[in-house]
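Here is the structure we will look at.
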Amino acid sequence: MPMDFLEFSQICETLEDTPGRIAMTALVRDALSSLDEADIPLFIRYLMGRPFPDWGQEKIGVGPGSVYDAVAYVAGRDRRAVVSAVNRSGDPGKTVESLLAKKEQTSFFTESLTLADIGRDFTLLAATGGNKSQKEKDRVLRRLFANASPLEGRYLARLLLGELRIGIGEGTMRDAIAGAFGVSPAAVEHACQASNDLGEVALIARSGEDALNEVHVEPFRPLKMMLAKQGTVTGMLSETGVLAAEYKYDGTRFQFHKVGGTCRMYSRRLEEVTHAIPDVVAMLDAATPHDIILDGEVIAVRDGRPLPFQYVLRRFRRKHDIASHIEEITLKPNIFDMLWIDGETLIDLPFAERRQRLEAAVSDTYVAPQLVSGDEDEIDLLYRTALDDGHEGIMIKDPRSPYTPGVRGKFWVKIKPAVDTIDLVVTGAEWGEGKRAHVFGSFLLSCLGEGGSFIPLSKVATGFSDEALQDMYAALSGLVISEEGKQVHVEPQIVVEVGYAEVQKSPSYAGGFALRFPRFIRLRDDKSPEEIESLRMIEERFAAQSAR
Ligand code: AMP
Numbered sequence: 008m009p010m011d012f013l014e015f016s017q018i019c020e021t022l023e024d025t026p027g028r029i030a031m032t033a034l035v036r037d038a039l040s041s042l043d044e045a046d047i048p049l050f051i052r053y054l055m056g057r058p059f060p061d062w063g064q065e066k067i068g069v070g071p072g073s074v075y076d077a078v079a080y081v082a083g084r085d086r087r088a089v090v091s092a093v094n095r096s097g098d099p100g101k102t103v104e105s106l107l108a109k110k111e112q113t114s115f116f117t118e119s120l121t122l123a124d125i126g127r128d129f130t131l132l133a134a135t136g137g138n139k140s141q142k143e144k145d146r147v148l149r150r151l152f153a154n155a156s157p158l159e160g161r162y163l164a165r166l167l168l169g170e171l172r173i174g175i176g177e178g179t180m181r182d183a184i185a186g187a188f189g190v191s192p193a194a195v196e197h198a199c200q201a202s203n204d205l206g207e208v209a210l211i212a213r214s215g216e217d218a219l220n221e222v223h224v225e226p227f228r229p230l231k232m233m234l235a236k237q238g239t240v241t242g243m244l245s246e247t248g249v250l251a252a253e254y255k256y257d258g259t260r261f262q263f264h265k266v267g268g269t270c271r272m273y274s275r276r277l278e279e280v281t282h283a284i285p286d287v288v289a290m291l292d293a294a295t296p297h298d299i300i301l302d303g304e305v306i307a308v309r310d311g312r313p314l315p316f317q318y319v320l321r322r323f324r325r326k327h328d329i330a331s332h333i334e335e336i337t338l339k340p341n342i343f344d345m346l347w348i349d350g351e352t353l354i355d356l357p358f359a360e361r362r363q364r365l366e367a368a369v370s371d372t373y374v375a376p377q378l379v380s381g382d383e384d385e386i387d388l389l390y391r392t393a394l395d396d397g398h399e400g401i402m403i404k405d406p407r408s409p410y411t412p413g414v415r416g417k418f419w420v421k422i423k424p425a426v427d428t429i430d431l432v433v434t435g436a437e438w439g440e441g442k443r444a445h446v447f448g449s450f451l452l453s454c455l456g457e458g459g460s461f462i463p464l465s466k467v468a469t470g471f472s473d474e475a476l477q478d479m480y481a482a483l484s485g486l487v488i489s490e491e492g493k494q495v496h497v498e499p500q501i502v503v504e505v506g507y508a509e510v511q512k513s514p515s516y517a518g519g520f521a522l523r524f525p526r527f528i529r530l531r532d533d534k535s536p537e538e539i540e541s542l543r544m545i546e547e548r549f550a551a552q553s554a555r
């Protein structure tokens, strides 16, 4: 039987009240085993709070304002009443639930919603783009909320606002899938890294372990990027004996896909940016005759020296006037990995082997030079040369390691001068004062907790130029979920990099830590909220700092 969205909502509610990973895993596992095939991918994605496959370009594209309008319409209230109710409770999901409960007493008929109905409408919302389509989006939203029971309204609103936060992490999900279909969590993880869609992986898991092992990387389905940790040359050498060292370029990550005459470029957040940087696409296209997926970093250069990171971002963001900007800012790709070639998946090969294959397949103009060495002095020298040449530092990599998409593991370590900076997501803001009264003046920053929740860590109000505050306002003003006095609560979407003096223990923040002397460095719109610092990493920073 197709799953009703009500049943899904009940499962969400139970999960929210279920403490502990093991019990959560069992709950999801049992629900999965009895699902219709077609519902499996939707069930998994929605539980993770993601309407679409992670590799896809689809976005629901609905802001809090539209959600509140639709709820107001259906509940027969005016919009201001809805907004002030959300502001009072600070919980949009529960507010929608109680507003719909009042409506329920007066309406006679609602159709029941299935998971598939929700799926269809999400696709419809994503497909209606542009400003003219706002009416169409409003129509879909009204219909959805009109047919939603109060509990369904709670989870529908949270899904639409990107605020599901049931606290299920990918690890729990993988274990649940493995348990439901009698396959190993490792096979699930592997398939998930290659296909970048846990929903589809769950479906494949039904056919067994062999089917999972047959999941390969596919062109035009971007993989999550492999990430780096902080560490030291000595520490890594003691584990690996030799390491591969490259410059750490201060630009923007890219993933380039090419099949025949078709090339596509993806940003670090896996958004397609082919049209913003046609010059780089052409360079890479010309650099290889192969069907290929390449990983690298684009930098901006002038007179042979790298320009600051902001220049590259400016190009990535451009939608118009691209030609004139190509003349202004010259970009250069630096390729450091190859994930797939001519139908063959390479992510499980050791890095040293991928590197050899890369050098054989791509002209060396754009391949990042590499030093393979076990000699600390030699590596230190490379580090100093990197800084002299205007780069950020070096990356050191374990030559034996596979490519692990989305993992910030020990295989890649970044070495850069000791300024302590940290990437966090903005979850709140406060209106400014005086000449800054029309923009936000300070921001609440959160790190990543267990299961994808966000945990407040610090407020930041220094380090902003007027222009930076404008940029912050432009980025956040459409994401306001609720407002109380001068404080607003925003959808967790905008990542910023901040500097700080030290990590402190703090009883005033839920995670138990706070930053001392935080200062804004830059907006990181190349990073997604899933990539920010986790509470566990903050604890590690705290411990390392105490050790110093
Ligand atoms: P961070 O953003 O500080 O966590 O550092 C990791 C990032 O450095 C990667 O995501 C890349 O965007 C960038 N990077 C620059 N050069 C390299 C390189 N040679 N290998 C891997 N990543 C690099």
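Counted the way my numbering counts, the sequence shown spans residues 8 to 555. We put the beta carbon where it would ideally sit given N, CA and C, even for glycine. Since we're looking at a predicted model, the values are computed, not measured.
Check                                                                                                                                                                             : Outcome
With H, G and I counted as helix, E and B as strand and the rest as coil, what does DSSP make of E104?                                                                            : helix
I'd like the list of long-range same chain contacts for G381, defined as Cβ closer than 7 Å, with 5 residues on each side in sequence excluded.                                   : L244, G248 and V249
For the beta strand (DSSP E) that contains V497, what are its first and last residues?                                                                                            : Q494 to V497
Is F450 a contact residue of the ligand AMP, with contact defined as CB to any heavy atom under 7 Å?                                                                              : no
Okay, do the segment 533-551 and the segment 506-524 touch, 3+ Cβ pairs below 8 Å being the bar?                                                                                  : yes
Where do the ends of the alpha helix (DSSP H) carrying F50 lie?                                                                                                                   : D46 to L54
In the DSSP assignment, the beta strand (DSSP E) including T179 goes from what residue to what residue?                                                                           : Careful: T179 lies outside any beta strand (DSSP E), inside the alpha helix (DSSP H) at E177 to F188.
Give me the residue from F471, S274, I462 and A367 with the minimum Cα distance to D533.                                                                                          : S274
Would V69 and K110 be called neighbours here (beta carbons separated by less than 8 Å)?                                                                                           : no
Which runs of the beta strand (DSSP E), 3 residues or longer, sit entirely within the segment 272-312?                                                                            : 299-309
Which runs of the beta strand (DSSP E), 3 residues or longer, sit entirely within the segment 493-528?                                                                            : 494-497, 502-506, 509-512 and 520-523
Leaving out five residues on either side along the sequence, give the residues of the same chain with a beta carbon under 6 Å from the beta carbon of A294.                       : V369, S370 and Y373
DSSP three-state call for H398: helix, strand or coil?                                                                                                                            : coil
Report the option in P226, P229, L230 and S191 whose CA atom is closest to the CA atom of I211.                                                                                   : S191
Output needed for K144: all residues of its chain with C-beta closer than 7 Å, excluding positions within five of it in sequence on either side, in chain order.                  : V69, S73, L132 and T135
Assign E335 to one of two classes, buried (16 or more other C-beta atoms within 10 Å of its C-beta) or exposed (fewer than that).                                                 : exposed
Might you give, ordered along the chain, the residues of its own chain that have their beta carbon closer than 8 Å to the beta carbon of G56, omitting 5 neighbours on each side? : R165, L166, G169, E170, L171, R172, I173 and G459
Name the one or two DSSP bridge partners that M345 has.                                                                                                                           : L301
Please list the terminal residues of the continuous beta strand (DSSP E) segment that includes A468.                                                                              : It is not in any beta strand (DSSP E) - A468 carries neither H nor E in the DSSP assignment.
Just mark L122 as buried or exposed, buried being the case when its beta carbon has 16 or more other beta carbons within 10 Å.                                                    : buried
Using the beta-carbon count (16 or more within 10 Å), is K442 buried or exposed?                                                                                                  : exposed
Compute the distance between the beta-carbons of T411 and Q200, then report whether it is under 8 Å.                                                                              : yes
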